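Protein chains in written order, with full-length UniProt numbering: chain G, 1 to 474; chain S, 1 to 474.
All remarks here apply to the structure that follows.
Next comes the structure, spelled out in structure tokens:
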């Protein structure tokens, strides 16, 4: 009952009502701009020293910035599964059983994907009359039963996997590109990516797909959900010819500049069509910058430790901006701890829908934080595969397990924490600290460099860990 | 002649003329807000995750942000000497001769100070009718001949040294506090600083000194120069009672919040008095955050390597904002490479004065960058004591010497690069690389974590080093 009351209350505040309540006004359009391997530190507004994201910075100036926003997993597939289901990967199935604390994902040779039993946001939004489109990377399975149009999307332009390649052989063909049910070509063959020059016009194609969809839906007077999951900042990074060589940061920066420009164009389109006050836009990324690809093909996690694949802040803390003129006052900064899973619940709330009641939902409705400036008390769980490695409660983060990557990988030159070596923290073996978690204050020490030394009695330790476990199981 | 033309040209643009040209209109007031040990990463606008500097962020939104601004030395005394003389410490005498690559400063027991032969900015501004006040830390010598009122300042409220202590003994008395020529008390005795609680109301006193001076000068219709060199962010950090415990970042953050609030009040006063369009304000810091004091008593250098005392970016890259409503368009970001020494030359230019012609001046006039958006080609030299350790040209930085701190200090637990260990870069012995400088691209790799591997021929190496040396000697 509390949930229903909240949904109605918020709906009245925004001047529309859930369709189920018999109202005629339309719920807002929803646009999620999901970046690939972009780091917290890649935006000017989050301190990138070259300041090359004027449109995203402007979006933040007109909306709400979330400096404490997280993903549910530091790797692309489970992160995207969490966003679309509102659930931790250990609940929605996106974890691996063949190794402890190893993240799952769906490369070309994997036969798994998003289970049919999961409700995805677009499936539910359909009940409120939404038309749903995914542009870009799906990454939740490439077999027919996992196709996005079987999971609530009405339209798709993009690929089931990363733009790795070229493979160019029969046993391992290049990654296909789809328009809806139809395979319209393959990367490298029909959609060229030049590794040598870095040139590819994919971001322009993805921009056109977004623009065309928004214009079409606006003409049809139906609410829409656009999931713009582009991938120019994932190695091999790429940019169109007119952006190549324009960044002070090299090719990775060229990709960021083209994305920034494209987002500027999408927001301007919403304004020009007169629907900006009826379109909720949220910008974030799927996981931290891939420092293994840095600096030429990887981004920046700003002041945070390590990157993609790890459960340090650099792995899961994400840039995040909410934009909804007329509803979010300009220039706001929220101290809400947020998570990509919240986009599921918030999306439902915007549509006047309740989350499914037959399963645990980990995402919370962010609208009270976004529209009313509230701060909702909630923990952040840092998973790696099947293992909850760390928990954040308020400004404190407790590591129950630490691990950067294996000695074996490290000795081969693979380093998830290059130039960073916090003794006893960035460990190369999986080290358990459940009896005495490694504690950090993220306000004083955002870089997780100074573990707090505590004299912890059994009782005070119990006070800290028990509520967290209750919440997790709860 | 080129310089004269430029000064006249800029003056006409701003609607005043140098006094020497017989004009009646008054040159703008000048306010330098110089922080102590505040890091690049401590401001919301530079990406501090807690976003607790709304007034400084607003100052940036109304003015011009410099993400590529430097100090001349990573320690307080030589940095301040460089700011006020426009010259590198090796020229103005603020270096030590008793150890290679060791920074000089002026603790209580040192008898040296700023040489009489140096021209300080306030001395020269007097010629244009300015009244000059220093509030806060002088740090250029405490013997009578070094007194700020002997070097161009008309008024002083503050101390000759850091607020270390309490000493409370005859052989080593507490640091004195002066009002002009008169010693009005001592830290701890008359101006309490409570190490246990962190409480001290010094920032409020320094704020009142600034406010009273601005009001008085405004009534007298004389141009003024205010050098507000406060020190709440230097360990032991402090804040007034009403700010203690208000930051998510702990006591250091409390100090930052009080400073941010005070700067908001100073800018508002300029607005309320109707003189904001006739007052040039520049905000920066004397050196990088002191990571040896972090996280409880030290700040953040954002994505940059190491901190105070070192010649990595964390040691010398500074937060910097220029504010001058009506002259600087709002929301600008300049890619100009700037230096605190430029404040000397820019201050003279604002006053319609030329720099002294009988000596080398290392600071450049930033007005073309600030007012016309130009980017002036110039290198940045990273000195440590008598040794030029590194040079930045464009996005490239070449380390000729590397050194974090000695093995001896390091083994005692003193670490200028905590949690950071870039192999072959953060060396604990003084390592020379003059034959093959250690090269970084600061755009792609602001954290100096990925040395560029180059196959350098003798001729290409010569091309890189010769112009730099010419500039230095020239």
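Virtual Cβ for every residue (Gly too), placed ideally from N, Cα, C.
This structure is a prediction, so every number in the text was calculated from the model and none was measured.
Cutoff 6 Å; reference residue i; Cβ partners in own chain excluding five residues on either side
i, result
"residue 227 of chain G", "32, 134"
"residue 21 of chain G", "Because residue 21 of chain G sits at a pLDDT of 39, beneath the cut-off of 50, its placement in the model cannot be relied upon, and the point is left open."
"residue 330 of chain S", "62"
"residue 451 of chain S", "438"
"residue 43 of chain S", "53, 56, 319"
"residue 388 of chain S", "381"
"residue 449 of chain S", "422"
Minimum C-alpha distance to residue i - residue among the options
i, options, result
"residue 59 of chain S", "S:169, S:176, S:128, S:281", "S:281"
"residue 80 of chain S", "S:28, S:344, S:48", "S:344"
"residue 112 of chain S", "S:245, S:93, S:172", "S:93"
"residue 378 of chain G", "G:391, G:372, G:387", "G:391"
"residue 46 of chain S", "S:318, S:415, S:251", "S:318"
"residue 54 of chain G", "G:441, G:257, G:290", "G:257"
"residue 62 of chain S", "S:421, S:326, S:103, S:129", "S:326"
"residue 445 of chain G", "S:247, S:232, S:71", "S:247"
"residue 320 of chain G", "G:309, G:337, G:312", "G:337"
"residue 103 of chain G", "G:311, G:366, G:146", "G:311"
"residue 179 of chain S", "S:197, S:41, S:160, S:348", "S:160"
"residue 297 of chain S", "S:424, S:255, S:335", "S:255"
"residue 316 of chain G", "G:218, G:28, G:40", "G:40"
"residue 234 of chain G", "G:69, G:36, G:308", "G:36"
"residue 150 of chain S", "S:162, S:172, S:163, S:118", "S:118"
"residue 163 of chain G", "G:183, G:83, G:237, G:432", "G:237"
"residue 38 of chain S", "S:99, S:328, S:289", "S:289"
"residue 418 of chain G", "G:294, G:366, G:424", "G:294"
"residue 369 of chain G", "G:393, G:363, G:335", "G:335"
"residue 333 of chain S", "S:372, S:362, S:243, S:251", "S:372"
"residue 416 of chain S", "S:167, S:314, S:49", "S:314"
"residue 145 of chain G", "G:74, G:181, G:122", "G:181"
"residue 196 of chain G", "G:449, G:244, G:124, G:218", "G:244"
"residue 26 of chain S", "S:341, S:363, S:129", "S:129"
"residue 48 of chain S", "S:431, S:300, S:124", "S:300"
"residue 143 of chain S", "S:240, S:366, S:183", "S:183"
Chain G residues whose Cβ lies nearer than 9 Å to that of residue i
i, result
"residue 450 of chain S", "294, 295, 296, 418, 419"
Partner residues on chain S for residue i, Cβ-Cβ distance less than 8 Å
i, result
"residue 68 of chain G", "49"
"residue 285 of chain G", "The premise fails here: residue 285 of chain G is roughly 15 Å from chain S at the closest Cβ pair, so nothing lies under 8 Å."
"residue 159 of chain G", "Going along chain S, no residue has its Cβ under 8 Å from residue 159 of chain G, so there is no contact; the nearest lies around 27 Å."
Residues near residue i by beta carbon distance below 7 Å, same chain, minus five either side
i, result
"residue 518 of chain S", "Absent from the model: residue 518 of chain S. The displayed extent of chain S is 1 to 474, so no value can be given."
"residue 406 of chain G", "428"
"residue 303 of chain G", "446, 447"
"residue 395 of chain G", "441, 442, 443"
"residue 420 of chain G", "305, 306, 426"
"residue 218 of chain G", "273, 275"
Chain S residues whose Cβ lies nearer than 9 Å to that of residue i
i, result
"residue 375 of chain G", "Neighbours of residue 375 of chain G on chain S: none; closest Cβ ~12 Å, over 9 Å."
"residue 379 of chain G", "Within chain S, no residue comes near residue 379 of chain G; the closest Cβ sits about 17 Å away, beyond 9 Å."
"residue 79 of chain G", "Going along chain S, no residue has its Cβ under 9 Å from residue 79 of chain G, so there is no contact; the nearest lies around 20 Å."
Where residue i meets chain S, residues with beta-carbon distance less than 7 Å
i, result
"residue 333 of chain G", "51"
Neighbourhood of residue i by C-beta distance below 8 Å, restricted to the same chain and skipping five residues each side
i, result
"residue 165 of chain S", "174, 175, 187, 188, 193"
"residue 211 of chain G", "265, 266, 269"
"residue 279 of chain S", "28, 29, 30, 31, 270, 324"
CB contact check: residue i to chain A, cutoff 8 Å
i, result
"residue 303 of chain G", "Checking the listed chains, one finds no chain A in this structure; the protein chains it contains are G and S."
Chain-ordered chain G contacts of residue i [CB-CB under 7 Å]
i, result
"residue 422 of chain S", "419"
"residue 357 of chain S", "Neighbours of residue 357 of chain S on chain G: none; closest Cβ ~35 Å, over 7 Å."
"residue 117 of chain S", "Going along chain G, no residue has its Cβ under 7 Å from residue 117 of chain S, so there is no contact; the nearest lies around 37 Å."
"residue 429 of chain S", "The contacting residues do not exist; residue 429 of chain S stays about 18 Å from chain G at best."
Residues of the region 21-55 of chain S in Cβ contact with chain G at a cutoff of 7 Å, in chain order, please.
Answer in chain order: 41, 46, 47, 49, 50, 51.
Using a Cβ-Cβ cut-off of less than 7 Å, give me the residues of the region 396-420 of chain G that come near chain S, in sequence order.
-> Residues are counted here when their Cβ sits less than 7 Å from a Cβ of chain S; for the region 396-420 of chain G these are 418, 419, 420, given in chain order.
* To do: May I ask you to verify whether the region 196-207 of chain G touches the region 252-269 of chain G, counting CB pairs closer than 8 Å and requiring at least 3?
  => Judged by Cβ distances under 8 Å, the region 196-207 of chain G makes contact with the region 252-269 of chain G, as three or more pairs qualify.
Using a beta-carbon distance cut-off of less than 8 Å, what residues from the region 437-448 of chain G approach chain S? If the cut-off is 8 Å between Cβ atoms, the region 437-448 of chain G has 441, 442, 443, 444, 445, 446, 447, 448 near chain S.
Any residues in the region 245-270 of chain S with a beta carbon nearer than 8 Å to a beta carbon of chain G? Which ones, in chain order? Cβ contacts with chain G come from 247, 248, 249, 250, 252, 253.
Are the region 395-411 of chain G and the region 357-370 of chain G touching by the rule of at least three beta carbon pairs closer than 8 Å? The region 395-411 of chain G, when compared against the region 357-370 of chain G, does not touch it at the 8 Å Cβ threshold.
If contact means a Cβ-Cβ distance below 8 Å, which residues of the region 229-243 of chain G contact chain S? From the region 229-243 of chain G, no residue has a Cβ closer than 8 Å to chain S.
| request: Tell me, please, whether the region 409-422 of chain S touches the region 103-117 of chain S by the rule of three or more beta-carbon pairs shorter than 8 Å. | output: Too few Cβ pairs lie closer than 8 Å, so no.
Using a beta-carbon distance cut-off of less than 7 Å, what residues from the region 316-350 of chain G approach chain S?
Answer set for the region 316-350 of chain G: 333.
message = Measuring CB atoms only, is the region 121-135 of chain S touching the region 215-226 of chain S, in the sense that at least three cross pairs come out at less than 8 Å?
response = Cβ pair count under 8 Å is three or more, so yes.
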